[in-house]
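Engineer: One structure, as structure tokens, below. Some questions next.
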Amino acid sequence: PEATPPEPAPPTVALPAPPAAAVPPALLDHARKIAEAHRVQTGSPIDAATLRARLGVPAALADSIALQLA
Numbered sequence: 062p063e064a065t066p067p068e069p070a071p072p073t074v075a076l077p078a079p080p081a082a083a084v085p086p087a088l089l090d091h092a093r094k095i096a097e098a099h100r101v102q103t104g105s106p107i108d109a110a111t112l113r114a115r116l117g118v119p120a121a122l123a124d125s126i127a128l129q130l131a
């Protein structure tokens, strides 16, 4: 018996990136001050993990803030 060719896989649709978490302006201002103090103290920009720890916010929010501060 002849083997039937496999059916083509359905096209994969690229999912859009999740929207960046909305950052309240007051939180962004506070984060900016923390980031500047970190830069003055260490000589390097703050990373999202440090920002997350200092602000006590979820990782996604810290990532959004870090992107806006960059």
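Under our numbering, the first residue of the sequence shown carries the number 62, and numbering increases by one thereafter. All residues carry an ideal CB built from backbone N, CA and C; glycine is no exception.
Look up Val-101 in the DSSP assignment and say whether it is helix, strand or coil.
Structural biologist: Helix at Val-101.
Engineer: With Ile-126 as the anchor, note down where its alpha helix (DSSP H) starts and where it stops.
Structural biologist: Its alpha helix (DSSP H) spans residues 120-130.
Engineer: Output the boundary residues of the alpha helix (DSSP H) element that contains Ala-83.
Structural biologist: Where Ala-83 is concerned, there is no enclosing alpha helix (DSSP H), given that its DSSP letter is neither H nor E.
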